[in-house]
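Inspection log for the structure reproduced underneath, given as structure tokens.
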Amino acid sequence: MWPYPEIKNVADIVRYNAKNYSDKPSTIFCDHSLSWSDVHELSSRMANGLSAEGVVATDRVLYFAGNADDYFLTIYASAKIGAAFIPLNWRLSVPEITAIVEDSAPKIALVDLIYKATWEEVQTKLTQKIKTIYIDPGKQADNPFWQWASKFDNSDPHFICEGDSTAWQIYTSGTTGAPKGVELTHAGIMNMRLCEHLEPAYTWGANDRYLFCVPSFHLLGLGLSMQAMYNGACIVIAPRFDPEEVLAVINAHKPTLMGLAPVMIQFLLDHPNSANTDFSGIREILYAGSPISKGLLKRAIEAIPCKFMQFYGATESGGAITLLRPDDHYSDDDNILTSCGKPLPLIEIKILDSEGNALPANSPGEMVILNPAITKGYWNKPEAWSEVYNDGWYKTGDIGYYDDNGYFYLIDRAKDMIVSGGENIYCSEVENCLSLHGAVAAAAIIGIPSEKWGEEVKAFIMLKPGQSTTEAELIAHCKENLAGYKCPKSVDFVDDFPRTGAGKVSKKDLRAPYWQGQKRAV
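Read left to right, the sequence shown gives residues 1 to 522 (UniProt numbering).
Next up, the structure:
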């Protein structure tokens, strides 16, 4: 059943690959390559260094930096001594960072020098200062992190991680409230790899190169990187998601696999250098993080000659729940492109009504999942976890349904659904409609207060470069394709939407100016 029985925890990934793919590249960053044996040796030095600094099993190790080879070295170093790795969202404000640091209470922090001033300000607000080691990613010998690590022995600590011990503590993006520390265990992470291994659509191997360009603090990048490394693949690291830089990395290093949020696909296609980028080496793009519009997906399939696979998941699920497999993207049924696919092996999904009763096909309700990779809970927030977890089933907070062929469709976040005149309106349906208008690059829909209907639909529109349209034209376009009550009553044109660190549209920020002093029904 297990593809690599020797790999029982996160640390075993680097041990196994150092043994079997010793001289093959493990990471490429700033044109500098580390082999699997290099990563094994360096992460052992860092693990022994962390131990010397007083870090013990179950302690937290905070990583406050961007994408770099140091990121993976820290993941493996932490795992080798049984410590939990916390990737911090570097886009947050000082108060937000302070709250997460106070909540997680890390024993040590590894901080990029570019965030030194921010970190020093955070330190002044903490009840207890955190031991800090600074990082200067890409500098190799001049990197203070590597200089510090060079003082320690390169022998593997060989700590045995228990399956239920926390490997990663990832803070949610806070789209519906304060961020929560999701504890993902070694056993859960391994179980996620098993689900992927048993799924025929995953064909990743040691000859692949995975392009890591999404934010380091988000499970989209971390989970897919671990899936790649679990199978011996090399990680090509872009320091950040900058369309011009990412397109240059694609030309230079010819990755075979990419993981992107839909907004990132849009930004790549919109960039003028896209026309001169050699996409021929890419054999598969996985996209996730938020729903993709039908218009954008069709555009991507035409522009990049590779396979596409969507996955729907949550931080709490430890990875993918459903897959829209590559063959599904070429179905004669256009409606399937709006689906999030079918569950992976070992994962079950039910659709429940508000009373907790299972619903039949084509009936919208809340999606709940049974998953062997599920988190063991929220750090310091057992009450919050008990609200969404019952008898093995996790309540996603997403509204969806499945059709007669077993395809699942994600309609909306429960808290984003609009109730107008007693009718439920799902934002994704209106957004998909607007995305098919020739001038629209992206759309975001929210509900705003209405004296008559309770809520009414408002659209925010990003236009394609060089395109123009009007509010009246877009509303008329919707009326041609949707019931009248679903159509926007007003349209605002924007350069971009407020976003979470993971690139998701922050609907709560869009709604905030309209709901001050008022309470929404959902």
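Where is the CB? At the ideal position from N, CA and C, for every residue including glycine. None of these values were measured; they are calculated from a predicted model.
Through-space distance from F241 to D332, alpha-carbon basis: Those two C-alpha atoms are separated by around 33 angstroms.
Measure the alpha-carbon distance for G397 versus S506 and round it to whole angstroms. If you take the alpha carbons of G397 and S506, they lie about 16 angstroms apart.
Nearest to I448 by alpha carbon, out of C433, N17, M417, E429? Checking every option, the nearest Cα to that of I448 belongs to M417.
Sorted by chain position, which residues of the same chain lie with C-beta nearer than 6 angstroms to L337's C-beta, five sequence neighbours on each side aside? K294, L297.
From which residue to which residue does the alpha helix (DSSP H) around S435 run? First-last of the alpha helix (DSSP H) with S435: 427-435.
Would you mind reading off the limits of the beta strand (DSSP E) that contains I237? Here the beta strand (DSSP E) through I237 covers 234-237.
Residue environment, T203, which counts as buried when at least 16 other CB atoms sit within 10 Å: Classification of T203: exposed, given that the 10 Å Cβ count is below 16.
Nearest-angstrom Cα distance between A320 and P200? Separation of A320 and P200 (C-alpha to C-alpha, rounded to the nearest whole angstrom) is 14 angstroms.
Measuring CB to CB, does F85 end up less than 8 angstroms from W168? Yes.
So Q310 and G341 are supposed to be a Cβ contact under 8 angstroms. How far apart are they, rounded? Right, their Cβ atoms sit about 6 angstroms apart.
Which of helix, strand or coil DSSP assigns to L73: In this structure, L73 counts as helix in the three-state DSSP scheme.
Would S317 and I399 qualify as a contact pair, given that the criterion is a beta-carbon distance under 8 angstroms? Against a cut-off of 8 angstroms, the Cβ pair of I399 and S317 comes out as no contact.
Report the residue ranges of all alpha helix (DSSP H) runs contained in full by the segment 199-275; include only those spanning at least 4 residues, in chain order. 219-230, 243-253, 262-270, all fully within the segment 199-275.
G484 burial status per 10 Å Cβ neighbour count (16 or more: buried): G484 should be labelled exposed.
Considering Cα atoms alone, identify which of E366, P364, I285 is closest to H329. Among E366, P364, I285, the Cα nearest to that of H329 is on I285.
Inter-stretch contact (C-beta, 8 angstroms, three-pair minimum) for the segment 214-231 and the segment 245-259: Flag = yes, the segment 214-231 and the segment 245-259 touch.
Nearest candidate by alpha-carbon position, reference S155, set A47, L434, V430, K307: Cα-wise, what sits closest to S155 is A47.
Endpoints, alpha helix (DSSP H) assigned at D12: Residues 10-20.
In terms of alpha-carbon separation, which member of N371, N335, E355 lies closest to P343? The shortest Cα separation from P343 among N371, N335, E355 belongs to N371.
Scan the segment 361-441 and note each continuous alpha helix (DSSP H) run of 4 residues or more that stays entirely inside, going in chain order. Fully enclosed alpha helix (DSSP H) runs of 4 or longer: 382-388, 427-435.
Could you check if M1 is buried or exposed, using at least 16 other CB atoms within 10 Å of its CB as the buried criterion? Taking every protein chain shown into account, the CB of M1 has fewer than 16 other CB atoms within 10 angstroms, so this residue is exposed.
If you run the structure through DSSP and keep just helix, strand and coil, what is Y312? Here Y312 sits in strand by DSSP.
Indicate the three-state DSSP secondary structure (helix, strand or coil) for T176 in the structure shown. Confidence in T176 is poor, its pLDDT being 46 and thus under 50, which makes the residue's placement too unreliable to answer from.
Could you have a look at F145 and say whether DSSP puts it in helix, strand or coil? The answer is helix: DSSP assigns F145 an H, G or I state.
At the level of alpha carbons, what is the spacing between S468 and L482? About 22 angstroms.
Since K80 sits in a beta bridge, which residues does DSSP pair it with? Partner(s): none; K80 has no beta bridge.
For H437, count the other beta carbons within 10 Å of its own beta carbon; 16 or more makes it buried, fewer makes it exposed. Which is it? Classification for H437: buried.
Taking the beta strand (DSSP E) that G319 belongs to, which residues open and close that run? DSSP places G319 in the uninterrupted beta strand (DSSP E) bounded by 319-324.
Applying the criterion that 16 or more other CB atoms from any shown protein chain within 10 Å of the CB defines a buried residue, is H218 buried or exposed? The residue in question, H218, is buried, as its Cβ has 16 or more Cβ neighbours within 10 Å.
Count the other C-beta atoms from every protein chain shown that fall within 10 angstroms of the C-beta of A361, then say buried if there are 16 or more, exposed otherwise. Its Cβ having fewer than 16 others within 10 Å, A361 is exposed.
Would you mind sorting K19 into buried or exposed? The rule is 16 or more other CB atoms within 10 Å of its CB. Under the 10 Å beta carbon count, K19 is surrounded by fewer than 16 other beta carbons and is classified as exposed.
Which of the three DSSP states is assigned to D38 in this structure? DSSP places D38 within a helical segment (H, G or I) once states are collapsed to three.
If I measure Cβ to Cβ from N143 and keep anything under 8 angstroms in the same chain, skipping five residues before and after, which residues do I get? Contacts found: D70, I135, D136, P137.
Looking only at its chain, what residues have a beta carbon closer than 7 angstroms to the beta carbon of Y21, apart from the 5 residues adjacent to it on each side? So the qualifying residues of the chain are W36, A206, G232.
Using alpha carbons as the reference points, say which of S104, W393, L463, I237 lies closest to S26. S26 has its Cα closest to that of I237, out of S104, W393, L463, I237.
Heavy atom of the ligand GDP less than 7 angstroms from the Cβ of D278, yes or no? Inclusion of the ligand GDP in the displayed structure is not the case, the ligand content being empty and no account of it being possible.
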